[in-house]
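Report on one structure; see the data block that follows.
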DNA sequence: TCGAAGCGTAACCTAAGAAGTTACGAGATG
DNA sequence: CATCTCGTAACTTCTTAGGTTACGCTTCGA
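Residue numbers (the working numbering), protein chains in the order written: chain P, 2 to 134; chain V, 2 to 134.
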């Protein structure tokens, strides 16, 4: 797996779960399907759990399942849960020079604005939408 | 310097050059201002040169200057020259599973679309614009 | 004409981030 | 109680970008 592998893994898992929402899947199973490691799966899906998209159950016969129906999980939910931000949130480096600062502010402002529209548009598609085609 | 430092360095340099377009600046000078290394400066500005934004002159009393007036250099020109792409262009990993593939396609499509509007909006601001404020 | 000043580039080192791996504790079930 | 599974820590690569050194090529000026 390469870049954006978290997103790929998340979408992979969600799309499979959408096909059989009642079944619990273990991280080992998911990892085998995705060609990666159970720990990596738990890391990535952990973020989706924190975002309220998935539920994990510990102990014997535990595993992972959707926290709500696929019709109510959008691509934006996934994107936001993974904290994939376009804009480098850290602006620790306040440029000393005011003109450079103004330029950078401008770029940052536009990027943040554009990211809002990205999330908005991703919010228009649900996991279930894509399955139906 | 941290993340997006190429962009920061490019904007820094361009904003200074816009103030005195006739003066040639050496990479050593620019590096000193920006708190980095001449080689790094030549790397980054090299991209702007390839994009036709800057001109570099070799030899004694050589250096860097704008290839055209600051009114005709937009933030989009800089962004594109640095090849800052939001979308991971490499889709080498064709997902085996068709549903996952459809989901990923959808995300990629939206991101590419959004990036177009980003470039369009960055194109509305020139280096000179920001200086005037 | 020759030396110094610049750029262009290669090669290497280092730092940071992400994935892969191993290991182990905690909780739940049968 | 034995076993299964998640949650996490710790460690090891691997990749990417920046920083650094070095050197060849070009150009100006004394």
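Each residue gets a CB set at the ideal place from its N, CA and C atoms; glycine is no exception.
Problem set entry | Those runs of the alpha helix (DSSP H) which lie wholly inside the region 39-96 of chain P and span at least 4 residues | Entirely contained in the region 39-96 of chain P, the alpha helix (DSSP H) runs reaching 4 residues are, in chain order, 39-51, 76-82.
Exercise. Alpha carbon to alpha carbon, how far is residue 69 of chain P from residue 98 of chain V?
Worked result: Within the first chain, numbered from 1, the residue matching residue 69 of chain P stands at position 68. Within the second chain, numbered from 1, the residue matching residue 98 of chain V stands at position 97. CA-to-CA, the gap between residue 69 of chain P and residue 98 of chain V works out to about 22 Å.
For this session: Have a look at V:117, V:119, V:88, V:118 and flag the residue whose alpha-carbon is nearest the alpha-carbon of residue 105 of chain V.
Result: Within the second chain, numbered from 1, the residue matching residue 105 of chain V stands at position 104. Answer by Cα proximity: V:88.
Exercise. Does the ligand SAH have a heavy atom nearer than 7 Å to the CB of residue 41 of chain P?
Worked result: With respect to the ligand SAH, the structure offers nothing, as it holds no ligand at all.
For this session: State buried or exposed for residue 13 of chain V, treating a residue as buried only when at least 16 other CB atoms are found within 10 Å of its CB.
Result: The residue labelled residue 13 of chain V in the question sits at position 12 within the second chain. Its Cβ being crowded by 16 or more others within 10 Å, residue 13 of chain V is buried.
Problem set entry | 8 Å Cβ cutoff, residue 126 of chain P in contact with chain V | Residue numbering aside, residue 126 of chain P sits at position 125 when the first chain is read from its first letter. Yes, because at least one Cβ of chain V sits closer than 8 Å to the Cβ of residue 126 of chain P.
Problem set entry | Alpha carbon of residue 25 of chain P to alpha carbon of residue 63 of chain P, nearest angstrom | Counted from its first residue, the first chain places residue 25 of chain P at position 24. Counted from its first residue, the first chain places residue 63 of chain P at position 62. Rounded to whole angstroms, the gap between the alpha carbons of residue 25 of chain P and residue 63 of chain P is 7 Å.
Exercise. What is the C-beta distance between residue 81 of chain V and residue 120 of chain V, in whole angstroms, given that I count them as a contact (C-beta under 8 Å)?
Worked result: Position 80 of the second chain, counting from 1, holds the residue named residue 81 of chain V. Position 119 of the second chain, counting from 1, holds the residue named residue 120 of chain V. Between residue 81 of chain V and residue 120 of chain V a beta carbon distance of about 6 Å is seen, short of the 8 Å cut, so the two are scored as contacting.
Exercise. Excluding sequence positions up to five away, which residues of its chain have a Cβ less than 7 Å from the Cβ of residue 72 of chain V?
Worked result: Residue numbering aside, residue 72 of chain V sits at position 71 when the second chain is read from its first letter. Counting only Cβ-Cβ distances below 7 Å, and skipping sequence neighbours, we find 127, 129.
Problem set entry | Host alpha helix (DSSP H) of residue 114 of chain V (start-end) | Position 113 of the second chain holds residue 114 of chain V. Run containing residue 114 of chain V: 99-123, per the alpha helix (DSSP H) assignment.
Exercise. Which first and last residues belong to the alpha helix (DSSP H) in which residue 20 of chain P is found?
Worked result: Taking the first residue of the first chain as position 1, residue 20 of chain P is located at position 19. From DSSP, the alpha helix (DSSP H) with residue 20 of chain P extends over 6-20.
Exercise. How many Å lie between residue 124 of chain V and residue 41 of chain P at the Cα?
Worked result: As a position in the second chain, residue 124 of chain V is number 123, starting the count at 1. As a position in the first chain, residue 41 of chain P is number 40, starting the count at 1. Going from the Cα of residue 124 of chain V to the Cα of residue 41 of chain P covers about 40 Å.
For this session: Measure the beta-carbon distance from residue 115 of chain V to residue 7 of chain P and round it to whole angstroms, keeping in mind my assumption that it falls under 8 Å.
Result: To locate residue 115 of chain V, count along the second chain from 1; it is residue 114. To locate residue 7 of chain P, count along the first chain from 1; it is residue 6. That pair is no contact at about 19 Å.
Exercise. Can you give the Cα-Cα distance for residue 111 of chain V and residue 31 of chain P, rounded to whole angstroms?
Worked result: Within the second chain, the letter at position 110 stands for residue 111 of chain V. Within the first chain, the letter at position 30 stands for residue 31 of chain P. Approximately 27 Å, taken between the alpha carbons.
Problem set entry | Residues, ordered as in the chain, of the region 10-40 of chain P that lie near chain V by beta-carbon distance below 7 Å | Here the close residues are 12, 13, 16.
Exercise. How big is the Cα-Cα spacing for residue 47 of chain V and residue 86 of chain P?
Worked result: Start at 1 with the first residue of the second chain, and residue 47 of chain V comes out as number 46. Start at 1 with the first residue of the first chain, and residue 86 of chain P comes out as number 85. Computed Cα separation, rounded: 28 Å.
Problem set entry | Exposure of residue 33 of chain V, with buried meaning 16 or more beta-carbon neighbours within 10 Å | As a working mapping, residue 33 of chain V is identified with position 32 in the second chain. Result: exposed.
Problem set entry | residue 93 of chain V classed as buried or exposed, judged by whether at least 16 other C-beta atoms fall within 10 angstroms | Looking up residue 93 of chain V in the second chain gives position 92. Any answer about residue 93 of chain V is weak, because its pLDDT of 47 lies below 50 and its placement is not dependable; what the coordinates show is given next. Exposed, by the Cβ-count rule.
Problem set entry | Amino acids of chain V, ordered along the chain, whose beta-carbon sits closer than 8 Å to that of residue 122 of chain P | Against the first chain, residue 122 of chain P aligns to sequence position 121. Those within 8 Å of residue 122 of chain P in chain V are 111, 114, 115.
Exercise. In chain V, what lies closer than 8 Å to residue 107 of chain P by C-beta?
Worked result: Within the first chain, residue 107 of chain P is the residue found at index 106, counting from 1. Identification of chain V residues near residue 107 of chain P by a Cβ-Cβ cut-off of 8 Å yields 76, 126, 131, ordered along the chain.
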